[in-house]
Amino acid sequence: MPKRSRISLTVDVSNHILMIRLHSLRDEHDTPDLIDHLQGVAEPWTYDAIFDFRRYEAELSREHLAFLTQKWFALTAGRDRGRQMALVSPCPVLAQNLREMRGAMPDRAVAVFESFDEGLDWIKTDRLQAA
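Under our numbering, the first residue of the sequence shown carries the number 268, and numbering increases by one thereafter.
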């Protein structure tokens, strides 16, 4: 039986934050997935984002992270300059892989956290300091 993607996307329009909870991703690179969900959001590159991997059920390789990063670049086309991305994972191996991919997104501030609340606080606090 093919593995289905299980992704939930919450769009907080008032705070301009995308909350993406990943439970599993499809193995095939050409199937509808996260980026396809984001295409339903008007100008998703103008939002800060928090990616929650706490309940992720499979291995997320560096190669697949690179593939997702390429799809993100294709979607945003550099228009996400200055936005923030919090990545949440209590798993040490996944957290390390996520830290290593931060350099692949030079126009976006990216940080890795163990809890969802820490990531959300980081996004909100940085906004207050910038105001």
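Backbone N, C-alpha and C fix where the C-beta goes; we use that ideal spot for every residue, glycine too.
Check	Outcome
Assuming Y314 contacts L285 under a Cβ cut-off of 8 Å, what Cβ separation, rounded to an integer in Å, is found between them?	5 Å
Would D297 be called buried (16 or more neighbouring beta carbons within 10 Å of its own) or exposed?	Caution applies to D297, whose pLDDT of 47 falls short of 50 and renders its modelled position unreliable; the value that the coordinates give is listed next. Exposed.
Can you give me the C-alpha to C-alpha distance between A309 and H331, rounded to a whole angstrom?	26 Å
Counting C-beta neighbours from all protein chains within 10 Å, is the total for G349 16 or more, i.e. buried, or is it exposed?	exposed
What do you get for N282, buried or exposed, if any count of 16 or more other CB atoms within 10 angstroms of its CB means buried?	exposed
Consider the Cβ of H331: report whether some Cβ of chain D lies at a distance smaller than 9 Å.	This model lacks chain D altogether, as it is built from one protein chain only.
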